[in-house]
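In this note's numbering, the protein residues as written are 8 to 666. One structure below.
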């Protein structure tokens with residue numbers, strides 16, 4: 008007996024799995040029933056050769072059916088495994104997509120922060136460059152002012168020497184000097200008005216320079232941002248192309264394997280159906296052989312059409328995938344060309360920027376060299392003028408003392424004194440780090456009080472910073488060092504070092520703790536142990552193991568980051584200028600003696616002392632090789648005038664004593 012297929016024609020299964028279950032069930036029924044019937048027949052009748060061949064075919068068919076059942080179970084297990092793997096693949100793709108999206112957002116946020124920090128740093132650098140330009144302009148202005156004042160001082164000195172040589176001249180010379188003074192005052196007012204106009208034009212030029220500098224920095228920042236964004240988009244597009252290729256290849260492999268398995272399974276099912284139908288028609292319904300064959304043929308055609316449709320769909324999907332891959336390839340080539348063009352443009356802009364920076368640096372170096380030369384010349388002139396003023400002040404003191412003695416004698420003898428002009432003496436003291444100069448003015452009055460300037464301490468302080476933290480002005484006592492964060496962001500100072508070198512002493516190094524952070528807009532002061540300050544972080548830190556930061560005439564303080572790079576530096580240089588100081592105290596001559604002879608004797612003695620002192624003074628200060636020729640001539644004239652005056656006074660005393 009063979010299984011009945013009438014149920015298969017009347018109600019066919021709706022899926023491959025259902026068809027496989029139905030075939031297995033019918034095969035088991037067909038193989039079980041004939042075996043029982045064959046047992047009964049074997050017990051009743053002997054086996055014929057035809058019967059033996061049929062039984063052998065039945066056993067072969069049973070064996071093939073068993074193998075087919077095992078194959079169907081294996082195919083079903085593989086389908087389940089394939090479904091499970093497809094679910095895993097979809098889950099992995101979702102996880103990968105989420106991770107890529109998260110990393111993309113994270114990298115974009117980090118890049119935005121980095122660009123913002125870079126823009127802020129560039130703006131800060133531009134502001135510092137503008138401040139440097141202002142400071143250099145102020146220094147140039149101060150240099151020009153110092154030159155003008157030096158010229159005025161030279162004119163005043165020459166005018167004072169002329170007035171000193173004309174002490175015994177008439178009031179006509181005084182009126183002439185006053186008229187010259189008025190002319191100089193008018194000239195000074197004219198020069199001041201011209202200076203004000205020049206300062207206005209200079210201020211307009213500085214504002215234009217600041218605006219152009221800010222515009223250049225903004226363009227540089229935009230160029231940098233565009234280059235970084237282009238690089239990021241290039242990497243993202245390359246990653247998307249690789250991901251699309253990988254997915255497409257995986258999809259093609261999955262489609263090919265799925266279609267092949269489906270085709271093989273359906274082909275095996277069709278062969279099994281044909282064999283089973285053939286066996287049933289041979290054993291039971293030979294007359295229905297043609298009908299059954301046609302039915303099987305129709306089923307095979309349907310299966311073939313289904314397979315053809317599936318293969319056509321797979322080919323169309325494969326063609327679409329290839330077209331998409333080609334389109335993405337063209338887009339990738341276009342993007343690569345754009346990236347290459349952008350890189351060439353960026354390279355050109357970087358070369359132009361580098362050339363501009365070199366040119367600007369060379370100009371700044373030339374200006375700094377000129378400024379240093381001007382400073383040296385100004386210091387040399389100041390020292391020369393200082394020496395001349397010292398000589399002039401000493402001579403004025405001697406002349407005023409001598410005049411006081413004469414006035415006392417004239418008052419005692421009731422003589423009419425001659426009018427003498429008042430002399431104003433100026434003195435320039437040393438300048439501090441701000442390069443400002445002060446003047447002390449002394450008026451010659453009834454009793455001369457001339458103050459020789461005190462010794463001055465020249466302090467030059469220079470600071471540089473390449474980051475957010477700057478070093479505050481140096482504490483000259485060596486008690487503390489202060490750092491300031493001038494930006495709007497917190498600055499971590501973990502493992503940063505603060506170093507100081509004072510003269511030739513050992514270098515002092517302070518290291519910050521790993522977690523220390525300097526808040527935005529805040530300052531931190533590191534105190535030495537001898538400063539007497541308590542430890543109060545984060546604004547005040549006490550260095551208990553160091554007694555002092557060190558003092559000296561040459562102090563260098565620097566801030567080193569964790570990578571060993573110097574981010575801030577401040578240097579201080581002190582120079583002691585020794586100038587002859589002191590206060591000249593003069594005592595008025597006591598004209599209370601009633602003995603005229605004794606008084607004359609004292610006066611004669613004073614005249615000889617004064618004459619000898621002046622001779623020694625002029626020989627040591629105005630000798631050959633000591634001063635310029637013009638100054639020697641002025642000193643010689645003053646000495647001759649003093650000698651003439653002394654001889655006249657001695658003659659007067661002799662005549663008075665004779666009377």
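Quick reminder that beta carbons are idealized off the backbone N, C-alpha and C, glycines included. Please read all numbers here as calculations on a predicted model, not as lab measurements.
- With fewer than 16 other Cβ atoms inside 10 Å of its own Cβ, residue 141 counts as exposed.
- Under DSSP, residue 508 shares a beta bridge with 563.
- For residue 541, no beta strand (DSSP E) encloses it, and the DSSP letter there is neither H nor E.
- Counting the other CB atoms within 10 Å of its CB gives residue 492 a total of 16 or more, which places it among the buried residues.
- By the neighbour-count criterion, in which 16 or more other beta carbons inside 10 Å mark a residue as buried, residue 338 falls on the exposed side.
- Taken through DSSP and simplified to helix, strand or coil, residue 155 comes out as helix.
- Collapsing the DSSP output to three states places residue 149 in a helix.
- Going by beta carbons, residue 574 and residue 479 fall outside the 7 Å limit.
- Counting along the chain, the unbroken beta strand (DSSP E) around residue 491 starts and ends at 487-492.
- The three-state reading of DSSP puts residue 518 in strand, counting E and B together.
- In the three-state DSSP reduction, residue 470 falls in the strand class (E or B).
- As the crow flies, the alpha-carbon of residue 211 is around 49 Å from that of residue 402.
- Residue 153 and residue 385 have their C-alpha atoms some 8 Å from each other.
- Excluding sequence positions up to five before and after residue 202, its CB lies less than 7 Å from no other CB in the same chain.
- At the C-beta level, residue 485 and residue 532 stay beyond 7 Å of one another.
- If you ignore the 5 residues before and after residue 504, its C-beta comes within less than 6 Å of the C-beta of 516, 518 and 567, all in its own chain and listed in chain order.
- Assigned with DSSP and collapsed to three states, residue 525 falls in strand.
- Per DSSP, the continuous beta strand (DSSP E) segment holding residue 549 begins and ends at 547-550.
- By the Cβ neighbour-count rule, residue 112 is exposed, with fewer than 16 other Cβ atoms within 10 Å of its own.
- Counting C-beta pairs closer than 8 Å gives three or more between the stretch 219-234 and the stretch 116-130, which meets the contact rule.
- For residue 555, the three-state secondary structure derived from DSSP is coil.
- For residue 481, no beta strand (DSSP E) segment is defined, and its DSSP state is neither H nor E.
- Out of 62, 224, 245 and 157, the CA that lies nearest to the CA of residue 387 is found in 157.
- Beta-bridge pairing by DSSP links residue 575 to 472 and 566.
- DSSP, reduced to helix, strand and coil, places residue 381 within a helical segment of the structure shown.
- Taking 7 Å as the cut-off, the Cβ atoms of residue 551 and residue 536 count as close.
- In this model, residue 195 and residue 565 are separated by some 46 Å (Cα to Cα).
- Secondary structure note for residue 503: it is in no beta strand (DSSP E), with a DSSP letter that is neither H nor E.
- Counting the other CB atoms within 10 Å of its CB gives residue 512 a total below 16, which places it among the exposed residues.
- Annotated three-state conformation of residue 498 is strand, per DSSP.
- With a threshold of 16 other beta carbon atoms within 10 Å, residue 475 meets it and is buried.
- About 7 Å separates the beta carbons of residue 227 and residue 360, which is inside the 8 Å limit, making them a contact pair.
- Here residue 530 is not near residue 477, since their CB atoms are 7 Å or more apart.
- Ranked by how close their Cα comes to the Cα of residue 555, the residues 506, 578 and 528 have 506 in first place.
- Around the CB of residue 481, 16 or more other CB atoms lie within 10 Å, so the residue is classed as buried.
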